[in-house]
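Engineer:
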Amino acid sequence: MCLCCMQYRGFSPALAGLKQELNSKHPELPRENPGSKWPKSSLGALRDNQRLTPEHLSVLLKLCRSFDESLQNEVDKVLVDHLLVVFYKCRSLEKYLELSKVPLSSEYQLDDSMPSQQEQDNVQAVLQEADHPSYWVSASKDGNRESHYRGPALGCTLVASLVGQNNHTNKTLDHNTGAQLTKVINQFRQQVDQFLPDMYAWFDDSSLHVTIRALMG
58 MCLCCMQYRG FSPALAGLKQ ELNSKHPELP RENPGSKWPK SSLGALRDNQ RLTPEHLSVL
118 LKLCRSFDES LQNEVDKVLV DHLLVVFYKC RSLEKYLELS KVPLSSEYQL DDSMPSQQEQ
178 DNVQAVLQEA DHPSYWVSAS KDGNRESHYR GPALGCTLVA SLVGQNNHTN KTLDHNTGAQ
238 LTKVINQFRQ QVDQFLPDMY AWFDDSSLHV TIRALMG
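Read left to right, the sequence shown gives residues 58 to 274 (the numbering used here).
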């Protein structure tokens, strides 16, 4: 668990359909990465000089489960009215070359339907990996630390902005869920910093997003 992530129940039927349409109509796109097959927002990464111990992992999982309940109480759904194509200079998207807004047509935007059972099962399968006794071995491996996400890397990706990127915030988040999300995220970060001091580097709020799929790189 080199990354701290906020996970969602699953992609809405509209966004899941959009992902399928992209894959079927554009076979020239790179194969979808495993990390974008379930919706999440990466909040921060382990610092380069840190490694999780089994004790660290146990503390972190307890904090995640506690704040999962807080998040569900504060925010029911995150609606999306547009996407962003980001030509990035680092994988965290804190630095980018170009950013373009992609308005969603009526069939795709603001879908407040529950994710399909398959979508929810996909998310649960990933979350249940943390319960396996061998999970710590994977979580403590080298690589994918802060410099992996903040170091130079060029690529292009399709995302839904979470808190706001260069004034391209999803308008529904501005008024309905942005403040609640920010509050819970900040509370979670503070708790992690309290119980696991100097372990995690937190990404800038303006870069927080949900990856729909990679387009290049």
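Where a beta carbon is used, it is the ideal one built from N, C-alpha and C, also for glycine. Treat the numbers as computed from the prediction; the structure is a model and nothing was measured.
To which residues does DSSP link H266 through a beta bridge?
Structural biologist: Its beta-bridge partners are S218.
Engineer: Give me the Cα-Cα distance between F252 and L117, rounded to the nearest whole angstrom.
Structural biologist: So the two alpha carbons sit approximately 8 Å from each other.
Engineer: Is it the case that the Cβ atoms of L140 and A217 are separated by a distance below 7 Å?
Structural biologist: Yes, they are a contact pair.
Engineer: Contact between the stretch 204-219 and the stretch 149-164: three or more CB pairs below 8 Å?
Structural biologist: Contact holds: three or more Cβ-Cβ distances are below 8 Å.
Engineer: Evaluate contact between the stretch 66-85 and the stretch 161-176, counting only Cβ atoms and requiring at least three cross-stretch pairs below 8 Å.
Structural biologist: Verdict: yes, contact present.
Engineer: Given this structure, state the Cα-to-Cα distance separating D133 from C121, to the nearest angstrom.
Structural biologist: Rounded to whole angstroms, D133 to C121 spans 17 Å at the Cα level.
Engineer: Would you check if the distance between the CB atom of Q177 and the CB atom of R66 is smaller than 7 Å?
Structural biologist: Cβ distance < 7 Å, so Q177 and R66 count as in contact.
Engineer: Quick one: what does DSSP say V135 is sitting in, helix, strand or coil?
Structural biologist: If DSSP states are grouped into helix, strand and coil, V135 belongs with coil.
Engineer: Just grab the DSSP bridge partners of P160 for me.
Structural biologist: Answer is H139, bridged to P160.
Engineer: Tell me whether L103 sits in a helix, a strand or coil according to DSSP, three-state version.
Structural biologist: Looking at L103 - three-state DSSP - the assignment turns out to be strand.
Engineer: Less than 7 Å between the beta carbons of N201 and C59, yes or no?
Structural biologist: In contact: N201 and C59 (Cβ atoms closer than 7 Å).
Engineer: Where do the N-terminal and C-terminal ends of the alpha helix (DSSP H) with Y65 fall, by residue?
Structural biologist: First-last for Y65: undefined, no H or E at that position.
Engineer: How far does the beta strand (DSSP E) with Y257 in it extend, from its first residue to its last?
Structural biologist: Taken as a continuous stretch (DSSP letters only), the beta strand (DSSP E) holding Y257 covers Y257 to W259.
Engineer: Could you name the residues that DSSP lists as bridge partners for G212?
Structural biologist: For G212, which the question treats as bridged, DSSP gives the partners Y145.
Engineer: Quick one: give me the first and last residue of the alpha helix (DSSP H) that S197 is part of.
Structural biologist: Here S197 belongs to no alpha helix (DSSP H), and DSSP marks it neither H nor E.
Engineer: For a test of the three-state rule: what should DSSP assign to T229, helix, strand or coil?
Structural biologist: The predicted model places T229 with a pLDDT of 47, which falls under 50 and marks its position as unreliable, so this point remains unresolved.
Engineer: Assuming G274 and L211 form a contact by the criterion Cβ under 8 Å, report the distance between their Cβ atoms to the nearest whole angstrom.
Structural biologist: With a Cβ gap of about 6 Å, G274 and L211 count as contacting.
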